Structures are given as structure tokens and as C-alpha cells.
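Report on the following structure.
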Amino acid sequence: RCAICMESAGAVRRIDNCGHRLCGQCLTSLLCSGLERAFHCPYCRSWMLHVPEP
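If you count by the working numbering, then the sequence shown holds residues 619 to 672, one letter each, in order.
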């Protein structure tokens, strides 16, 4: 289940550092926002050590 939209989308990505999951659409929106906070997990704010592959 995506930590942002709470949908159970089929293409959910796991953030390695914390284990929270984001759907591909929410992850893309977050990273394309251009904000520094985009590289933090939106749920727990831990750093994304790398961007999960689509």
C-alpha cells in the first residue's frame, strides 16, 4: 500500500532505508516536484538512499 495515496497499486516501490512503500505515480510526482524534501520518505522523513526503480 502506498504511504501517500494509500492505494494498493500493483507497481509499488519500497524505499530501502525505511521500508515504506510508494506507488510509481506518487513517487514520480514527489521526485519531479524539485523540492529538497523530495528525497525524504514522505511518511517518516528518512533519507532515500537511492531512488527505487520503476
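Don't be surprised by glycine CBs; every beta carbon is placed ideally from N, CA and C. Keep in mind it's a predicted model, so treat the numbers as computed, not measured.
(message) Quick check on the DSSP output: the beta strand (DSSP E) that includes L640 runs from which residue to which?
(response) 639-641
(request) List the whole-angstrom C-beta distance separating L640 from C620, where the pair is believed to meet the contact cut-off of C-beta under 8 Å. (result) 5 Å
(request) Answer yes or no: do C623 and C650 have a C-beta to C-beta separation smaller than 8 Å? (result) no
(request) Go to R619, then tell me how far its beta strand (DSSP E) extends in each direction, as first and last residue. (result) Premise fails: R619 is in no beta strand (DSSP E) and is neither H nor E.
(request) Enumerate in chain order the residues of its own chain whose CB-to-CB distance from M666 is below 6 Å, with the five nearest sequence positions on each side excluded. (result) I633, F657
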